[in-house]
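Asker: My structure is below; once you've seen it, I'll send some questions.
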Amino acid sequence: MATVDIKNMEVVYERPKTLINKITTYCPGCTHGTAHRLVAEVIDEMGLSDTTIGVASVGCSAFSYDYFDCDFVAAPHGRAPAMATGIKRVKPDRIVFTYQGDGDMISIGTGEIVAAAARGENITVIFINNANYGMTGGQMAPTTLPDMKTTSSPHGRDVKKMGYPIRASELLSTLDGASYIVRRSLHDAKNIRKAKKAIRMAFETQVRGLGFSMVELLSTCPTNWHLTPTDASNWLEERMVPYYPIGDYKVHPVLNEIKI
Amino acid sequence: MTREFWKGNEAFAEAAVRAGLQAYFGYPITPQTEALEYMSHRMPELGRPFLQAESELGAINMVYGAACTGARVMTSTSGPGTSLMVEGLSYIAATEVPMVLVDVVRGGPGLGNIVPSQQDYNQMVHGGGHGDYHQIVLAPASVQETVDITYNMFDLAEKYLTIGVVMIDGSIGQMMEPAEMPPMLEIRKDIPDWAVRGGKGNNRRVKTSIYFAAEDMEKTNLRMMRRWQQIVKNEIRYKEYFMDGAKIAVVGYGSAGRIALSAVRTARSQGLPVGLIRPISLSPFPKQLISEIAEQVDSILVVEMNTGMMLDDVLCAVQGKTHVEFYGRSGGVIPFPGEILKEIERISKKPKKDGRHPRDLWLERMESISV
Chain V
0 MATVDIKNME
10 VVYERPKTLI
20 NKITTYCPGC
30 THGTAHRLVA
40 EVIDEMGLSD
50 TTIGVASVGC
60 SAFSYDYFDC
70 DFVAAPHGRA
80 PAMATGIKRV
90 KPDRIVFTYQ
100 GDGDMISIGT
110 GEIVAAAARG
120 ENITVIFINN
130 ANYGMTGGQM
140 APTTLPDMKT
150 TSSPHGRDVK
160 KMGYPIRASE
170 LLSTLDGASY
180 IVRRSLHDAK
190 NIRKAKKAIR
200 MAFETQVRGL
210 GFSMVELLST
220 CPTNWHLTPT
230 DASNWLEERM
240 VPYYPIGDYK
250 VHPVLNEIKI
Chain R
0 MTREFWKGNE
10 AFAEAAVRAG
20 LQAYFGYPIT
30 PQTEALEYMS
40 HRMPELGRPF
50 LQAESELGAI
60 NMVYGAACTG
70 ARVMTSTSGP
80 GTSLMVEGLS
90 YIAATEVPMV
100 LVDVVRGGPG
110 LGNIVPSQQD
120 YNQMVHGGGH
130 GDYHQIVLAP
140 ASVQETVDIT
150 YNMFDLAEKY
160 LTIGVVMIDG
170 SIGQMMEPAE
180 MPPMLEIRKD
190 IPDWAVRGGK
200 GNNRRVKTSI
210 YFAAEDMEKT
220 NLRMMRRWQQ
230 IVKNEIRYKE
240 YFMDGAKIAV
250 VGYGSAGRIA
260 LSAVRTARSQ
270 GLPVGLIRPI
280 SLSPFPKQLI
290 SEIAEQVDSI
300 LVVEMNTGMM
310 LDDVLCAVQG
320 KTHVEFYGRS
330 GGVIPFPGEI
340 LKEIERISKK
350 PKKDGRHPRD
360 LWLERMESIS
370 V
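From first to last, the protein sequence lines are chains V and R. So the first sequence is numbered by numbering that gives the first Met the number 0: it starts at 0 and just counts up by one. So the second sequence is numbered by numbering that gives the first Met the number 0: it starts at 0 and just counts up by one.
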């Protein structure tokens, strides 16, 4: 049997240093893992792990503080932007980011996120939109698509009774305090690469003191969608992307000059 | 130092600044707003963060974030705002980080009104937020006492990694009195070991209120309870007036206690054997003291600006050892010394021992103003 000499091989792919070597609580096929990895890669590349404080939220990502190798606090449901504000105001030289799901950020935490963005709070928000409440077992979220079935809209989301989904990126991009608001998707490799660039740009926004930045990441929830990971990715592309268009909703002019 | 004329709300704000306050987050609400307004110029003037939050929910969670970094941080509010903040208070308690809250209590429940009251007693003393936790609640009765208590509350909160509440009613917040300000302390330079600051590997710190394993949550609750026992042992505060030879003890805190003192003075000048106990620490409550007093006096009269909240704690401490009566005005009505004097005179004439609950007897006497 031939042996492989790994000494002279170039490492092209490895676990980011800011991602702790630990099995996560996330379901197989869920894109939280992907989003975590991208954030950790960006922190590595920018050399920020010594100066970053993360703010976890309530939902599946409540335990995200167990997976990132940097300081972390855990916020009450929806309040992560307020907690991040408190940290950033007393530690303006630290990098502060929140990691929030859709129920957390744009349902119970709508007040906090809108206020933080309007203030131009110099923090970064990673917003996971998977169109349902994952942690509690797949209930209707503000982001649940019209007619989409969930455990609390068993016959589909009837917009006449349950209202319409909120497009958070479009909403926040109307605020003068927001400097970088984009939506990306995690359903395939090409989009994942684009998502990483956006996360990098969001952290660059904060490092440069340009104000509020948010990256919305369209994400899968195979367990609660009752789909295989592959089908979930396809469903995201076919159903979610048309309703939540991928794009740059607000980009501070200074950021246009940054090449990544 | 000289005595200056200070408005209560501005006085506690300046006292906090002098205690080395590193950040203030708040939201306007009457009768506390002057504190927020004062901070809005005073803190930036010293290069320290001030932020008017989008709500009390926002404010308390900003405090929570800053507290996790080990900064001296506070907020101030009143009843309806306190209700919004109790979510955050529960999380802050469970995370075991220190902070100071000044609650300038107004009439309620609901939106109620904006006049002085002691309606937040149960909320602040017996919980408020969900879960197994306690917080220190001190109730001053003058502007000077509010200054001194606020100034020292940060040390207490940090010593025990707990929430320190300064509970005053709207009248103390709104009135002006001479007060001497304590010296200006320097902002603390060191960071407590437990505080987040940005760090990885062995230097990584996490502040959370999540203990997913029930055993871990129980351990945390027991740790907090043991710390609370230390607080109960070390931090009971009260003042006694005219208790020598007293056969009637009036018990009242804050403004109610101060008004009761006027009544007690007059009663003493009439030769009535009455004294006053003014609890300052409502949590921890001076149970032992009340228990001892119960053995010495014929009657205890509890006076509050609510429908009898501390009354229950007094009854618990008295354990039937003496006759207890209650007099309260609620909804923002402040009792006059004459009303309390009348109660003292009535009790001194014929102490009733009919076994009924003091609140029931009081309600009967209040019939004339009931609808």
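From the three backbone atoms N, C-alpha and C, an ideal C-beta is built for every residue, glycine too.
Which whole runs of the beta strand (DSSP E) in the segment 122 to 173 of chain R are 3 residues long or more, in chain order?
Answerer: The qualifying runs are 135 to 137, 162 to 168.
Asker: If contact means a Cβ-Cβ distance below 7 Å, which residues of the segment 19 to 47 of chain R contact chain V?
Answerer: Cβ contacts with chain V: Q21, A22, F24.
Asker: Pull out every residue of the segment 76 to 104 of chain V whose Cβ sits closer than 7 Å to any Cβ of chain R, in chain order.
Answerer: Answer set for the segment 76 to 104 of chain V: R78, A81, M82, A83, T84, G85, I86, R88, V89, K90, R93.
Asker: For R/T68, which residues in chain V fall below 7 Å Cβ to Cβ?
Answerer: Residue 68 of chain R sits at position 69 when you count from the first residue of the second sequence. The answer, in chain order, is I86, V89, K90.
Asker: Three or more C-beta pairs closer than 8 Å, one from the segment 54 to 71 of chain V and one from the segment 40 to 50 of chain R: is that the case here?
Answerer: They do not touch, by the three-pair rule.
Asker: Determine, for R/A15, whether the minimum Cβ-Cβ distance to residues of chain V falls below 8 Å.
Answerer: Sequence index remark: in the second sequence, residue 15 of chain R carries index 16 (1-based). So, not an interface residue.
Asker: Enumerate in chain order the residues of its own chain whose CB-to-CB distance from V/G155 is below 7 Å, with the five nearest sequence positions on each side excluded.
Answerer: Counting from one through the first sequence, the residue named residue 155 of chain V turns up at place 156. Excluding positions up to five away in sequence, the list reads D146, M147, K148.
Asker: Looking at chain R, is there any beta carbon in it that lies within less than 8 Å of the beta carbon of V/F71?
Answerer: Position 72 of the first sequence, counted from the first residue, corresponds to residue 71 of chain V. Yes, V/F71 counts as interfacial toward chain R.
Asker: According to the Cβ coordinates, are V/V158 and V/V181 closer than 8 Å?
Answerer: As a working note, residue 158 of chain V is residue 159 in the first sequence. As a working note, residue 181 of chain V is residue 182 in the first sequence. Contact: no.
Asker: With 8 Å as the limit, tell me which residues of the segment 204 to 236 of chain V have their beta carbon closer than that to any beta carbon of chain R; keep them in chain order.
Answerer: Flagged: no residues at all.
Asker: Using a Cβ cut-off of 9 Å, pull out every chain V residue sitting near R/L390, in sequence order please.
Answerer: What is shown of chain R runs 0 to 370, which leaves residue 390 of chain R out entirely.
Asker: Bridge partners for V/D70 per DSSP, in chain order?
Answerer: Sequence index remark: in the first sequence, residue 70 of chain V carries index 71 (1-based). DSSP, once it has assigned bridges, lists V/I52 as partnering V/D70.
Asker: Chain R partners of V/Y179, CB-CB under 7 Å?
Answerer: Counting from one through the first sequence, the residue named residue 179 of chain V turns up at place 180. Those within 7 Å of V/Y179 in chain R number zero; the least Cβ separation is about 21 Å.
Asker: Would you identify the three-state DSSP class for R/S282, choosing helix, strand or coil?
Answerer: Within the second sequence, residue 282 of chain R is the residue found at index 283, counting from 1. If DSSP states are grouped into helix, strand and coil, R/S282 belongs with the strands.
Asker: Indicate the three-state DSSP secondary structure (helix, strand or coil) for R/P177 in the structure shown.
Answerer: On the second sequence, position 178 is the one that residue 177 of chain R refers to. Strand.
Asker: Tell me whether R/K238 sits in a helix, a strand or coil according to DSSP, three-state version.
Answerer: Position 239 of the second sequence, counting from 1, holds the residue named residue 238 of chain R. It is a strand residue.
Asker: Buried or exposed: which applies to V/G10, given that a residue is buried once 16 or more other Cβ atoms fall within 10 Å of its Cβ?
Answerer: Translated into the one-based positions of the first sequence, residue 10 of chain V becomes position 11. For the record, residue 10 of chain V in the displayed sequence is Val; it is not Gly. Burial call: exposed.
Asker: How far does the beta strand (DSSP E) with V/Y243 in it extend, from its first residue to its last?
Answerer: The residue labelled residue 243 of chain V in the question sits at position 244 within the first sequence. Note, V/Y243: premise wrong, no beta strand (DSSP E); not H, not E.
Asker: Relative to chain V, which residues along the segment 187 to 202 of chain R have a C-beta separation below 7 Å, given in chain order?
Answerer: Answer set for the segment 187 to 202 of chain R: V195, R196, G197, G198, K199, G200.
Asker: Let me know the secondary structure DSSP gives V/I180 once reduced to three states.
Answerer: As a first step, residue 180 of chain V must be located in the first sequence, where it is residue number 181. Here V/I180 sits in strand by DSSP.
Asker: Got a sec? Which residues, its chain only, sit under 8 Å from V/G136 by beta carbon, not counting five neighbours each side?
Answerer: Walking along the first sequence from the start, residue 136 of chain V turns up at place 137. So the list reads T150, N223, once near-sequence residues are dropped.
Asker: State the Cα-Cα distance for the pair R/L155 and R/A138, rounded to the nearest angstrom.
Answerer: If you number the second sequence from 1, residue 155 of chain R lands on position 156. If you number the second sequence from 1, residue 138 of chain R lands on position 139. The alpha-carbon atoms of R/L155 and R/A138 are separated by roughly 15 Å.
Asker: Taking 8 Å as the threshold (beta carbon to beta carbon), is R/K206 in contact with chain V?
Answerer: One-based indexing of the second sequence puts residue 206 of chain R at position 207. Chain V contact via Cβ: present.
Asker: Provide the residue(s) that pair with R/L35 in DSSP beta bridges, ordered along the chain.
Answerer: The residue given as residue 35 of chain R occupies position 36 in the second sequence. According to DSSP, R/L35 bridges with nothing at all.
Asker: Identify whether R/A65 lies in helix, strand or coil by the three-state DSSP scheme.
Answerer: Here residue 65 of chain R refers to the residue found at position 66 of the second sequence. The answer is helix: DSSP assigns R/A65 an H, G or I state.
Asker: For the structure I just gave you, are there three or more beta carbon pairs, one from the segment 73 to 82 of chain R and one from the segment 17 to 31 of chain R, closer than 8 Å?
Answerer: Touching, per the Cβ criterion.
Asker: Quick one: what's V/N20 bridged to in DSSP?
Answerer: For the purposes of this step, residue 20 of chain V is taken as residue 21 along the first sequence, with counting starting at 1. DSSP output for V/N20 lists no bridge partner at all.
Asker: Among residues of its own chain, excluding the 5 on either side of V/G208, which ones have a beta-carbon nearer than 8 Å to its beta-carbon?
Answerer: Indexing the first sequence from 1 puts residue 208 of chain V at position 209. Closer than 8 Å at Cβ, skipping near neighbours: N121.
Asker: Measuring only the C-alpha atoms, how far is V/K16 from V/S48?
Answerer: Working through the first sequence from its first residue, we reach residue 16 of chain V at position 17. Working through the first sequence from its first residue, we reach residue 48 of chain V at position 49. Cα to Cα, V/K16 sits roughly 9 Å from V/S48.
Asker: Under three-state DSSP, which class holds V/V250?
Answerer: Here residue 250 of chain V is taken as the residue at index 251 of the first sequence, counted from 1. Here V/V250 sits in strand by DSSP.
Asker: Pop quiz: R/S280 and R/E344 are said to be a contact at Cβ under 8 Å. What is the actual Cβ separation, rounded to whole angstroms?
Answerer: Start at 1 with the first residue of the second sequence, and residue 280 of chain R comes out as number 281. Start at 1 with the first residue of the second sequence, and residue 344 of chain R comes out as number 345. Wrong, their Cβ atoms sit about 30 Å apart, outside the cutoff.
Asker: Is the shortest distance between the beta-carbon of R/N220 and the beta-carbons of chain V less than 8 Å?
Answerer: As a position in the second sequence, residue 220 of chain R is number 221, starting the count at 1. False, the Cβ-Cβ gap to chain V never drops below 8 Å.
Asker: For R/L50, which residues in chain V fall below 9 Å Cβ to Cβ?
Answerer: Sequence index remark: in the second sequence, residue 50 of chain R carries index 51 (1-based). Simply T84, G85, R88, R118.
Asker: Just verifying my parser: in three-state terms, what is the DSSP assignment at R/L271?
Answerer: Stepping through the second sequence from its first residue, residue 271 of chain R is reached at position 272. In this structure, R/L271 counts as coil in the three-state DSSP scheme.
Asker: Within its chain, find whatever has a CB closer than 8 Å to the CB of R/L110; leave out the 5 residues flanking it on each side and keep chain order.
Answerer: Position 111 of the second sequence, counting from 1, holds the residue named residue 110 of chain R. Excluding sequence neighbours, R/L110 sits near P79.
Asker: In whole angstroms, what is the alpha-carbon distance linking V/L18 and V/A39?
Answerer: Walking along the first sequence from the start, residue 18 of chain V turns up at place 19. Walking along the first sequence from the start, residue 39 of chain V turns up at place 40. Each residue's Cα considered, the two are about 6 Å apart.
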